[in-house]
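Participant: Numbering (our numbering), first residue to last: 168 to 448.
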Amino acid sequence: MRISRENLRAYEEDGYLFLPGYLTSREVDVLVAELPKVFAEDSPRRVLEKNGKSVRSVYGAHTFSPTFERLVRHPKLVMPCEQILGSSVYVYQFKINAKLGLVGDVWEWHQDFIFWHKEDGLPESRALNAVIFLHDVNEFNGPMFLIPGSHRYGMIDVPGQATVPAAYAESPDWISNLTADLKYSIDPSTLKILVTEHGIVAPKGERGSLLFFHPNVAHASSPNLSPFDRTVAIVSYNSVENLPRPQKERRPDFLVAEDYRPVMPLTEDALFTLTEDALVT
């Protein structure tokens, strides 16, 4: 379950690590079978695309789905994250980004840490994202773009600009962190400097592939213009030594977890041994 020293060095240097075919096809089958139930839940945790109909993201599914609760405790995810961060970890945020065929919209260029720092009071970028491909990802269905090494610039401070789709006109302010027009997107002049210096990569691969990336890595994704879905599950782990500072107005628990207990890894067959205690951490 542990990654090699070479992988650790690659993550430190580039700010990301891509491991093709990391989960088995059978494991992915279990996760994909849970998606219809997750996408059908009508709650604030479900965010729609600009058309007001198609699912863009669902947050916090690990709190009501035993399958995804098992995923966030899977040793294939937890143990490498503990290696990278040098401590025990807890689930800071969990989301499923749908990027459905022909309707999946853009994710603008941004860093994750600026949202967590400014909205949640997270002191340091001692966290990371683990992205599991639930469908094959190719150049046509909206792969994630990353700027290697951009994490070494630290947090790029940009002014917040809240542009909310009409469908969310009456929603709380935090919705502008989740829709296609992001609150803290990187300005074009800064982006040009980063790309000129470091280039862009777009990890692509079969379902079950895993992408770890630093919360200060600049990233984005284009619309999905293909007829094929590009769904990913993203577990954001934070060090237990890097807890958010108290905020006057705290975002909902499904965006910034209030449970700071260290994740205790399950066994490698975790996704095939769902029991009544699956939601006990």
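We put the beta carbon where it would ideally sit given N, CA and C, even for glycine.
#1: Would you say the stretch 185 to 193 touches the stretch 367 to 379, given that touching needs at least three Cβ pairs under 8 Å?
#2: Thinking C-alpha only, which one of Val-423, Ser-406, Gly-271 and Asn-405 is nearest Pro-413?
#3: How far does the beta strand (DSSP E) with Asn-296 in it extend, from its first residue to its last?
#4: Would the stretch 262 to 275 and the stretch 210 to 227 be scored as touching if the rule is three or more Cβ pairs under 8 Å?
#5: Using the beta-carbon count (16 or more within 10 Å), is Pro-310 buried or exposed?
#6: Which partner residues of Val-258 appear in the DSSP bridge assignment?
#7: Measure the CB-CB distance between Asn-405 and Val-256 and report whether it falls below 9 Å.
#8: Pairing CB atoms from the stretch 352 to 367 with CB atoms from the stretch 264 to 280, are three or more of them under 8 Å?
#9: Inspect the CB distances between the stretch 281 to 295 and the stretch 231 to 238 and report whether three or more fall short of 8 Å.
#10: Does the beta-carbon of Glu-286 have 16 or more other beta-carbons within 10 angstroms, so that it is buried, or is it exposed?
#11: Below 9 Å between beta carbons: does that hold for Ser-393 and Phe-307?
#12: Thinking C-alpha only, which one of Lys-204, Glu-173, Pro-290 and Glu-216 is nearest Asp-348?
#13: Have a look at His-212 and Leu-175 and give me their C-alpha separation to the nearest angstrom.
#14: Helix, strand or coil, according to DSSP, for Ala-177 in the structure here?
#15: Report the rounded CA-to-CA distance for Ile-314 versus Asp-209, giving the unit in angstroms.
#16: Check whether the Cβ atoms of Ile-299 and Val-402 sit closer than 9 Å, and answer yes or no.
#17: Enumerate in chain order the residues of its own chain whose CB-to-CB distance from Pro-382 is below 6 Å, with the five nearest sequence positions on each side excluded.
#18: Do you know offhand how far Ser-254's Cα is from Glu-173's?
#19: If you follow the alpha helix (DSSP H) that His-277 is part of, which residue opens it and which one closes it?
#20: Whose CA, out of Ala-369, Val-258, Pro-411 and Gly-327, lies closest to the CA of Ile-353?
#21: How big is the Cα-Cα spacing for Ala-400 and Lys-371?
#22: Do Tyr-183 and Val-362 count as a contact pair if the criterion is CB distance below 9 Å?
#23: Taking the DSSP output, what are the residues bridged to Tyr-226?
#24: Does Arg-169 come out as helix, strand or coil in the three-state DSSP assignment?
#25: To which residues of the same chain is Ala-387 closer than 8 Å at the C-beta, ignoring the five residues directly before and after it?
#26: Where does Ala-207 land, buried or exposed, given buried means 16+ other C-beta within 10 angstroms?
#27: Can you give me the start and stop residues for the beta strand (DSSP E) that Phe-379 sits inside?
Facilitator: From the atom records:
#1: yes
#2: Val-423
#3: 294 to 300
#4: yes
#5: buried
#6: Tyr-404
#7: yes
#8: yes
#9: no
#10: buried
#11: yes
#12: Glu-216
#13: It should be noted that the sequence gives Arg, not His, for residue 212. Each residue's alpha carbon lies about 33 Å from the other.
#14: helix
#15: 35 Å
#16: yes
#17: Asp-279, Phe-280, Ser-292 and Ala-294
#18: 19 Å
#19: From DSSP, His-277 is part of no alpha helix (DSSP H) but of the beta strand (DSSP E) over 274 to 277.
#20: Gly-327
#21: 15 Å
#22: no
#23: Lys-262
#24: coil
#25: Val-273, Trp-274, Glu-275, Trp-276, His-277, Met-311 and Phe-312
#26: exposed
#27: 377 to 380
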